[in-house]
Amino acid sequence: DGGITQSPKYLFRKEGQNVTLSCEQNLNHDAMYWYRQDPGQGLRLIYYSQIVNDFQKGDIAEGYSVSREKKESFPLTVTSAQKNPTAFYLCASSGVGVSGGASSLGTGELFFGEGSRLTVL
Amino acid sequence: RKEVEQDPGPFNVPEGATVAFNCTYSNSASQSFFWYRQDCRKEPKLLMSVYSSGNEDGRFTAQLNRASQYISLLIRDSKLSDSATYLCLVRISSGSARQLTFGSGTQLTVLP
Numbered sequence: 297d298g299g300i301t302q303s304p305k306y307l308f309r310k311e312g313q314n315v316t317l318s319c320e321q322n323l324n325h326d327a328m329y330w331y332r333q334d335p336g337q338g339l340r341l342i343y344y345s346q347i348v349n350d351f352q353k354g355d356i357a358e359g360y361s362v363s364r365e366k367k368e369s370f371p372l373t374v375t376s377a378q379k380n381p382t383a384f385y386l387c388a389s390s391g392v393g394v395s396g397g398a399s400s401l402g403t404g405e406l407f408f409g410e411g412s413r414l415t416v417l
Numbered sequence: 021r022k023e024v025e026q027d028p029g030p031f032n033v034p035e036g037a038t039v040a041f042n043c044t045y046s047n048s049a050s051q052s053f054f055w056y057r058q059d060c061r062k063e064p065k066l067l068m069s070v071y072s073s074g075n076e077d078g079r080f081t082a083q084l085n086r087a088s089q090y091i092s093l094l095i096r097d098s099k100l101s102d103s104a105t106y107l108c109l110v111r112i113s114s115g116s117a118r119q120l121t122f123g124s125g126t127q128l129t130v131l132p
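Top to bottom, those sequences are chains A and B.
For the first sequence, my numbering assigns the number 297 to the initial residue and increments by one for each residue that follows.
For the second sequence, my numbering assigns the number 21 to the initial residue and increments by one for each residue that follows.
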């Protein structure tokens with residue numbers, strides 16, 4: 297079945313360590329996103345990518361980095377510069393893009409992975 | 021003013037009640053609208069898209085009011101399993117990955 301896979305589901309990190317969260321999709325979507333959600337709060341956009349080898353900062357990019365070397369993959373690194381990294385991280389993809397192919401356009405809704413819960417000890 | 025606003029609730033309603041949520045948006049160029057459901061500690065899942073003419077899916081009805089710039093979600097005959105947070109998503113341009121904004125969510129609790 298097509299979908300988005302995030303790993304790990306739970307991650308514990310010591311202060312000062314970088315960690316990388318994996319996000320893979322087989323929906324043939326051009327656009328991918330990373331969101332952060334804190335308890336009782338809404339979703340905040342960290343980074344997004346519309347095409348391979350290109351990505352843009354969202355609203356809270358400081359302390360995070362991403363790469364988009366393949367269409368299917370959009371890993372997020374939480375660096376030691378992120379002051380308060382404990383949160384629920386959600387990866388999403390969307391059928392919107394510049395390629396123009398029917399498989400990549402979709403109707404614009406986001407599809408989410410199951411999330412990765414990061415706790416800093 | 022936020023781009024997309026939702027009443028955070030919580031809305032506590034008895035089983036069988038009808039409940040409605042609104043989501044207002046500030047950008048008149050917004051083109052696509054969606055309602056998501058998020059259970060506690062889970063990812064948001066698409067509940068339904070919102071079409072210009074309004075649309076219904078079982079007990080759920082979504083409507084768009086472009087003149088007043090809001091979308092609504094109506095839930096009839098509420099079930100205990102409807103308890104969740106409901107998020108609206110507004111997309112400005114179908115060609116842009118960036119121009120989409122979530123509301124902060126409305127929490128619904130259906131009571132027995």
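Just so you know, even glycine gets a beta-carbon here, dropped at the ideal spot from N, CA and C.
DSSP beta-bridge partners of residue 91 of chain B = Partner(s): B:43 and B:84.
Beta-carbon proximity list for residue 372 of chain A, same chain, < 8 Å, skipping 5 on both sides | Taken in chain order, the residues that qualify are 316, 317, 319, 330, 342, 343, 360, 361, 362, 385 and 387.
Between the beta-carbon of residue 39 of chain B and the beta-carbon of residue 131 of chain B, is there less than 9 Å?
-> Taking 9 Å as the cut-off, the Cβ atoms of residue 39 of chain B and residue 131 of chain B do not count as close.
Residues near residue 25 of chain B by beta carbon distance below 6 Å, same chain, minus five either side = Correct list, in chain order: 44.
Any chain B beta carbon closer than 9 Å to residue 405 of chain A | Using a Cβ-Cβ cut-off of 9 Å, residue 405 of chain A counts as an interface residue toward chain B, since at least one Cβ of chain B sits closer than that to its own.
Chain-ordered neighbours of residue 123 of chain B on chain A, where CB pairs are closer than 9 Å | For a Cβ distance threshold of 9 Å, residue set 338 of chain A lies close to residue 123 of chain B, ordered along the chain.
Kindly indicate the opening and closing residues of the beta strand (DSSP E) around residue 129 of chain B.
-> Where residue 129 of chain B is concerned, the enclosing beta strand (DSSP E) stretches over 126 to 131.
Give the straight-line distance between the Cα atoms of residue 353 of chain A and residue 124 of chain B, rounded to the nearest whole angstrom.
-> It is roughly 20 Å from the alpha-carbon of residue 353 of chain A to the alpha-carbon of residue 124 of chain B.
Name, please, each residue of chain B whose Cβ falls closer than 8 Å to the Cβ of residue 408 of chain A.
-> Within 8 Å Cβ-Cβ: 63, 64 and 65.
Residue 70 of chain B to residue 94 of chain B, Cα distance in whole Å?
-> One C-alpha to the other measures close to 12 Å.
So which residues of chain A does residue 111 of chain B contact, with C-beta pairs closer than 7 Å?
-> Listed along the chain, the chain A residues whose CB falls inside 7 Å of the CB of residue 111 of chain B are 404.
With 16 as the cutoff for other CB atoms within 10 Å, does residue 414 of chain A come out buried or exposed?
-> Its Cβ being crowded by 16 or more others within 10 Å, residue 414 of chain A is buried.
Does the beta-carbon distance from residue 389 of chain A to residue 321 of chain A come in below 9 Å?
-> Going by C-beta atoms, residue 389 of chain A is nearer than 9 Å to residue 321 of chain A.
Report buried or exposed for residue 48 of chain B, applying the criterion of at least 16 other Cβ atoms within 10 angstroms of its Cβ.
-> Around the beta carbon of residue 48 of chain B, fewer than 16 other beta carbons sit within 10 angstroms, so the residue counts as exposed.
If you run the structure through DSSP and keep just helix, strand and coil, what is residue 417 of chain A?
-> Coil, per DSSP.
Measuring CB to CB, does residue 105 of chain B end up less than 9 Å from residue 121 of chain B?
-> Not in contact: residue 105 of chain B and residue 121 of chain B (Cβ atoms no closer than 9 Å).
CB residue 42 of chain B to CB residue 112 of chain B, shorter than 9 Å?
-> Against a cut-off of 9 Å, the Cβ pair of residue 112 of chain B and residue 42 of chain B comes out as no contact.
What three-state label does DSSP hand residue 339 of chain A in the structure shown?
-> Three-state result, residue 339 of chain A: strand.
If the cut is a Cβ gap below 9 Å, which residues of chain B does residue 386 of chain A touch?
-> Correct list: 63 and 64.
Check the Cβ of residue 54 of chain B against every Cβ in chain A and list those closer than 7 Å, keeping chain order.
-> Near residue 54 of chain B (Cβ distances below 7 Å), the residues of chain A are 405.
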